[in-house]
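Chemist: In mature numbering (1 follows the signal peptide of the UniProt record, and there is no 0), the protein residues as written are -19 to -1, 1 to 250. Let me begin by handing over the structure; questions about it come next.
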């Protein structure tokens, strides 16, 4: 009797298990992940700290950072600012590298313009009225570079983009001087010792000639009280027994009759 009950129980159990519907296996796609990219946390797998999944379910570093083992870092020459990598100073990104804008070059962490040029935004230009010739800045005309400015050489004055000597001075090399034979008085030139100007030359007035640096009267001339020159000459005049001596067109001496008669000076008349 006991065996009969056991046999019936076994049969009922077998039928009940077979009657329960079994779920069919689902077609689930699994993506392969690198073991070194995943970290187990509480039975789940996560990307290392600072990384995140991309659309392919790979662990990647954010915003231009690169992997350094399980960590993220910025490429050489860049620094981290939050989750971003930035180039120092005025440098700009060129892929994984930092470079200076065109026309500039690195000086430490900064970008500088070459040969006296100055920055204007991302570009380099020459200051003031200077112009670019290759990588250099030059001044126009006769002007010379003095830092950011264009100036005339010492002693000269500016005339537009050219330089000239002030007053009556003339250029001799890079200096301003008086013409030969003249003496400088400030910005003016004077002739020495009674000489007068004739263009850029000094000469003696009419009826005078040079003796060293001085002017002296030519023979037969003298300078009158009014500064004018008077010819000095002697001539004799005989007129009906009257003898007269003229000097400088003036009668200065006369006598009457022949040579044996008394002579009479004009001062005695």
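Think of the CB as a built atom: it goes at the ideal place given N, C-alpha and C, for glycine as much as any other residue. Predicted model, so just to flag it, every value in this text is computed and none were measured.
Cutting at 6 Å between CB atoms, please list the residues of its own chain near residue 108, excluding the five before and the five after it.
Modeler: Taking the chain shown and counting its residues from 1, one reaches residue 108 at position 127. Same-chain partners within the cutoff: 99 and 129.
Chemist: Just verifying my parser: in three-state terms, what is the DSSP assignment at residue 149?
Modeler: Counted from its first residue, the chain shown places residue 149 at position 168. Coil, per DSSP.
Chemist: If you draw a straight line from the C-alpha of residue 90 to the C-alpha of residue 50, how long is it?
Modeler: Position 109 of the chain shown holds residue 90. Position 69 of the chain shown holds residue 50. Looking at the two C-alpha atoms, the distance is approximately 28 Å.
Chemist: From residue 172 to residue 203, what does the alpha carbon distance come to, in whole angstroms?
Modeler: Start at 1 with the first residue of the chain shown, and residue 172 comes out as number 191. Start at 1 with the first residue of the chain shown, and residue 203 comes out as number 222. The alpha-carbon atoms of residue 172 and residue 203 are separated by roughly 21 Å.
Chemist: Nearest by alpha-carbon distance to residue 186: which of 120, 118, 177 and 153 is it?
Modeler: Stepping through the chain shown from its first residue, residue 186 is reached at position 205. For residue 186, the nearest C-alpha among the options comes from 177.
Chemist: Strictly by DSSP, which residues pair up with residue 106?
Modeler: What you label residue 106 is simply residue 125 of the chain shown in a count that begins at 1. Looking at the DSSP assignment, residue 106 forms a beta bridge with 99.
Chemist: Residue 42 to residue 53, Cα distance in whole Å?
Modeler: For the purposes of this step, residue 42 is taken as the residue at position 61 of the chain shown. For the purposes of this step, residue 53 is taken as the residue at position 72 of the chain shown. Each residue's Cα considered, the two are about 6 Å apart.
Chemist: Are the CB atoms of residue 170 and residue 157 within a distance shorter than 8 Å?
Modeler: Mapped onto the chain shown, residue 157 falls at position 176. Mapped onto the chain shown, residue 170 falls at position 189. Going by C-beta atoms, residue 157 is not nearer than 8 Å to residue 170.
Chemist: Only counting the same chain, and skipping five residues up and downstream in sequence, which positions put a Cβ closer than 6 Å to that of residue 97?
Modeler: As a working mapping, residue 97 is identified with position 116 in the chain shown. Around residue 97: 118.
Chemist: Can you tell me the Cα-Cα spacing of residue 76 and residue 30, whole angstroms?
Modeler: The residue given as residue 76 occupies position 95 in the chain shown. The residue given as residue 30 occupies position 49 in the chain shown. Each residue's alpha carbon lies about 24 Å from the other.
Chemist: Measuring only the C-alpha atoms, how far is residue 132 from residue 149?
Modeler: Position 151 of the chain shown, counted from the first residue, corresponds to residue 132. Position 168 of the chain shown, counted from the first residue, corresponds to residue 149. Rounded to whole angstroms, residue 132 to residue 149 spans 21 Å at the Cα level.
Chemist: By the DSSP assignment, the beta strand (DSSP E) with residue 190 in it spans what residues?
Modeler: Counting from 1 along the chain shown, the entry for residue 190 is found at position 209. Residues 189 to 192.
Chemist: Here's a check: name, in chain order, each residue in its chain whose Cβ is nearer than 7 Å to the Cβ of residue 87, leaving out the five neighbours to either side.
Modeler: By 1-based counting over the chain shown, the position of residue 87 is 106. Closer than 7 Å at the Cβ level, and outside the excluded window around residue 87, lie 81.
Chemist: Between residue 84 and the rest of its own chain, which residues show a CB-CB distance below 6 Å, the 5 nearest in sequence each way excluded?
Modeler: Counting from one through the chain shown, the residue named residue 84 turns up at place 103. These residues qualify, in order along the chain: 105.
Chemist: Just verifying my parser: in three-state terms, what is the DSSP assignment at residue 86?
Modeler: In the chain shown, counting from the first residue as 1, residue 86 sits at position 105. Note: residue 86 maps to strand in three-state DSSP.
Chemist: Hey, would you say residue 190 sits closer than 8 Å to residue 196, going by beta carbons?
Modeler: The residue you call residue 190 lines up with position 209 of the chain shown. The residue you call residue 196 lines up with position 215 of the chain shown. Yes, they are a contact pair.
Chemist: Under a Cβ-count criterion, where at least 16 other Cβ atoms within 10 Å of its own Cβ denotes burial, should residue 137 be classed as buried or exposed?
Modeler: Here the question's residue 137 lines up with position 156 in the chain shown. Residue 137 should be labelled buried.
Chemist: I'd like to know whether the C-beta atoms of residue 61 and residue 55 end up nearer to each other than 8 Å.
Modeler: For this step, residue 61 is matched to residue 80 along the chain shown. For this step, residue 55 is matched to residue 74 along the chain shown. Result yes, Cβ atoms of residue 61 and residue 55 sit closer than 8 Å.
Chemist: Identify the residues that DSSP records as bridge partners of residue 196: which are they?
Modeler: Translated into positions along the chain shown, residue 196 becomes position 215. BP columns for residue 196 point to 191.
Chemist: Measuring alpha carbon to alpha carbon, tell me which of 162, 127, 141 and 113 ends up nearest residue 193.
Modeler: If you number the chain shown from 1, residue 193 lands on position 212. Residue 193 has its Cα closest to that of 162, out of 162, 127, 141 and 113.
Chemist: So for residue 182, helix, strand or coil by DSSP?
Modeler: For the purposes of this step, residue 182 is taken as residue 201 along the chain shown, with counting starting at 1. Looking at residue 182 - three-state DSSP - the assignment turns out to be strand.
Chemist: Could you give the distance in angstroms between the alpha-carbon of residue 46 and the alpha-carbon of residue 28?
Modeler: Walking along the chain shown from the start, residue 46 turns up at place 65. Walking along the chain shown from the start, residue 28 turns up at place 47. Distance between the alpha carbons of residue 46 and residue 28: 15 Å.
Chemist: Who does residue 33 pair with in a DSSP beta bridge?
Modeler: As a working note, residue 33 is residue 52 in the chain shown. Paired residues: 41.
Chemist: Is the beta carbon of residue 198 within less than 7 Å of some heavy atom of the ligand NAD?
Modeler: Among the components modelled here there is no ligand, and therefore nothing to report on the ligand NAD.
Chemist: Helix, strand or coil: which one does DSSP assign to residue 164?
Modeler: The sequence position of residue 164 within the chain shown is 183, counting from 1. Residue state, collapsed to three classes: strand.
Chemist: Suppose you measure from the CA of residue 175 to the CA of residue 155; what does that come to, to the nearest Å?
Modeler: For the purposes of this step, residue 175 is identified with residue 194 of the chain shown, where counting begins at 1. For the purposes of this step, residue 155 is identified with residue 174 of the chain shown, where counting begins at 1. One C-alpha to the other measures close to 30 Å.
Chemist: Given that a residue counts as buried once 16 or more other Cβ atoms are within 10 Å of its Cβ, and exposed if not, what is residue 101?
Modeler: What you label residue 101 is simply residue 120 of the chain shown in a count that begins at 1. Looking at its Cβ environment, which holds fewer than 16 other Cβ atoms inside 10 Å, residue 101 is exposed.
Chemist: Just to confirm my understanding: we take residue 8, look at its own chain, exclude 5 residues before and 5 after, and list those with CB closer than 7 Å. What are they?
Modeler: Position 27 of the chain shown, counted from the start, is the residue given in the question as residue 8. Low confidence applies to residue 8: its pLDDT is 39, below 50, so where it sits in the model is not reliable, and the reading given next is rough at best. Cβ within range, chain order: n/a, list empty.
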